[in-house]
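> One structure follows; several queries about it will come next.
In the UniProt record's numbering, the protein residues as written are 1 to 324.
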């Protein structure tokens, strides 16, 4: 990148104790076909060799900026990156993941073609042994475009909450002072709906060029009681918001988030007494909705049954986890 050239893209990578994966992540970014970006590595008080790895890259590539900070969690690290970002657009990449070599180029092309505020793509999952799920691997793109009703798109799909796998117009984040909630897990759920609400054009692509690593010790694979409370916290936060801006999707979204909270609960190692207590709490926060949809009936009814009959949900979800 020519130094006088204005930075088009800020890439924010929070880093914490991932020394065995970090180089693959950084190399996949620096080897992109699209070159006009800055890479912001936020060392969130890592205790392994990550700080040294980050500094070494910054010495050899002037696109790499490193922030060393006291440990504050993923939200805190992302927020630190946002505050120094200079790009017209920004994207988040987790430090144990990686991207295909044309990841930035394809998203920037789609942004330019549709004048999009957000580009959202799919992920290809990678297991703890580094094996790629080739069934999901797809670098070709089928496009769905939403104009002026991006918040509707979010509540329709309900699975586009993740901050990674997105290209976001930086102005939306800065002008609306959108930051990730510190001290909460599943922070994407409590953030991305605010971003979607302020966007005018959203492009959703089924191109799966973000490689998402599933680790045995990740947050999503070590579910605690506090994680379920965080899910319920965000469910209620968004419930109030949806009622104001897009009430037609309220039932849909509450059902979806309730089922997700249930699925997390039954994947946890909590004892039956605690599961029953939290199950009742989830039900309390989702009851009273009529669940009227225009979706495919089989999908609607399945989700509704799972929420209304928790013992059946327990069996189905446990059966699913045993097969996985």
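Every residue gets a Cβ at the ideal spot worked out from N, C-alpha and C, and that includes glycine. Here the structure is a predicted model, which is why all the values come from computation and not from measurement.
1. When the distance is taken between beta carbons, is residue 89 closer than 8 Å to residue 9?
2. To which residues of the same chain is residue 232 closer than 7 Å at the C-beta, ignoring the five residues directly before and after it?
3. With distances taken from CA atoms, which of 276, 18, 36 is nearest residue 50?
4. Contact defined as beta carbons within less than 8 Å: I believe residue 71 pairs with residue 44. What is the distance between those atoms, to the nearest angstrom?
5. In angstroms with no decimal places, state the Cα-to-Cα distance between residue 193 and residue 107.
6. Taking the alpha-carbon positions, what's the residue 238 to residue 195 distance?
7. Can you list, in chain order, the residues of its chain whose CB lies under 6 Å from that of residue 81, leaving out five sequence neighbours each side?
8. Return the residue from the list 52, 76, 228 that minimises the CA-CA distance to residue 182.
9. Taking the CB atoms as reference points, tell me whether residue 143 and residue 66 lie closer together than 8 Å.
10. Taking the alpha-carbon positions, what's the residue 104 to residue 273 distance?
11. What did DSSP end up calling residue 100 once you bin it into helix, strand or coil?
12. To which residues does DSSP link residue 38 through a beta bridge?
13. In terms of residue numbering, what span does the alpha helix (DSSP H) encompassing residue 180 cover?
14. What's the C-alpha gap between residue 116 and residue 256?
15. Tell me whether the stretch 110-130 and the stretch 204-212 touch, counting them as touching only if at least three CB pairs, one residue from each stretch, are closer than 8 Å.
16. Tell me the rounded alpha-carbon separation between residue 84 and residue 170.
17. Let me know if residue 166 comes out buried or exposed under the rule of 16 or more other beta-carbons within 10 Å of its beta-carbon.
18. Between which two residues does the alpha helix (DSSP H) containing residue 238 stretch?
19. Just how far apart, CA to CA, sit residue 33 and residue 198?
20. How would you label residue 247, buried or exposed, when you count the other beta carbons within 10 angstroms and need 16 or more for buried?
21. Identify, in the order they occur along the chain, each residue of the same chain with its Cβ nearer than 7 Å to the Cβ of residue 61, setting aside the five sequence neighbours on each side.
22. Evaluate residue 111 with the Cβ neighbour count: other Cβ atoms within 10 Å of its Cβ, from every protein chain shown; 16 or more gives buried, anything less gives exposed.
23. How about residue 279 and residue 270: are their beta carbons less than 8 Å apart?
24. In whole angstroms, give me the CA-to-CA distance for residue 27 and residue 267.
In brief:
1. Stepping through the chain shown from its first residue, residue 9 is reached at position 9. Stepping through the chain shown from its first residue, residue 89 is reached at position 89. In contact: residue 9 and residue 89 (Cβ atoms closer than 8 Å).
2. As a working note, residue 232 is residue 232 in the chain shown. 261, 281, 282, 285, listed in sequence order.
3. Counted from its first residue, the chain shown places residue 50 at position 50. For the residues 276, 18, 36, the minimum Cα distance to residue 50 belongs to 18.
4. If you number the chain shown from 1, residue 71 lands on position 71. If you number the chain shown from 1, residue 44 lands on position 44. So it is a contact: roughly 5 Å between Cβ atoms.
5. Position 193 of the chain shown, counted from the start, is the residue given in the question as residue 193. Position 107 of the chain shown, counted from the start, is the residue given in the question as residue 107. Looking at the two C-alpha atoms, the distance is approximately 20 Å.
6. Along the chain shown, one-based indexing puts residue 238 at 238. Along the chain shown, one-based indexing puts residue 195 at 195. Taking the straight line from one Cα to the other gives about 13 Å.
7. Stepping through the chain shown from its first residue, residue 81 is reached at position 81. Excluding residues within five positions, the ones whose Cβ falls inside 6 Å are 12, 40, 42.
8. Stepping through the chain shown from its first residue, residue 182 is reached at position 182. Comparing Cα-Cα distances from residue 182 to each of 52, 76, 228, the minimum goes to 76.
9. For this step, residue 143 is matched to residue 143 along the chain shown. For this step, residue 66 is matched to residue 66 along the chain shown. Not closer than 8 Å, so no.
10. On the chain shown, position 104 is the one that residue 104 refers to. On the chain shown, position 273 is the one that residue 273 refers to. If you take the alpha carbons of residue 104 and residue 273, they lie about 47 Å apart.
11. Position 100 of the chain shown, counting from 1, holds the residue named residue 100. Here residue 100 sits in coil by DSSP.
12. The sequence position of residue 38 within the chain shown is 38, counting from 1. Residue 38 is bridged to 10.
13. The count along the chain shown starts at 1 and reaches residue 180 at position 180. Per DSSP, residue 180 belongs to no alpha helix (DSSP H) and is neither H nor E.
14. For the purposes of this step, residue 116 is taken as residue 116 along the chain shown, with counting starting at 1. For the purposes of this step, residue 256 is taken as residue 256 along the chain shown, with counting starting at 1. If you take the alpha carbons of residue 116 and residue 256, they lie about 26 Å apart.
15. yes
16. On the chain shown, residue 84 is found 84 positions in, with the first residue counted as 1. On the chain shown, residue 170 is found 170 positions in, with the first residue counted as 1. Spanning the two alpha carbons is a distance of roughly 11 Å.
17. Counting from one through the chain shown, the residue named residue 166 turns up at place 166. The residue is buried, with at least 16 neighbouring Cβ atoms inside 10 Å.
18. For the purposes of this step, residue 238 is identified with residue 238 of the chain shown, where counting begins at 1. Counting along the chain, the alpha helix (DSSP H) containing residue 238 begins and ends at 225-245.
19. In the chain shown, the residue the question calls residue 33 occupies position 33. In the chain shown, the residue the question calls residue 198 occupies position 198. Rounded to whole angstroms, residue 33 to residue 198 spans 30 Å at the Cα level.
20. Numbered from its first residue, the chain shown carries residue 247 at position 247. Exposed.
21. As a working mapping, residue 61 is identified with position 61 in the chain shown. The residues are 30.
22. For the purposes of this step, residue 111 is taken as residue 111 along the chain shown, with counting starting at 1. So residue 111 counts as buried.
23. Position 279 of the chain shown, counting from 1, holds the residue named residue 279. Position 270 of the chain shown, counting from 1, holds the residue named residue 270. Not a contact, by the Cβ cut-off of 8 Å.
24. Position 27 of the chain shown, counting from 1, holds the residue named residue 27. Position 267 of the chain shown, counting from 1, holds the residue named residue 267. Computed Cα separation, rounded: 34 Å.
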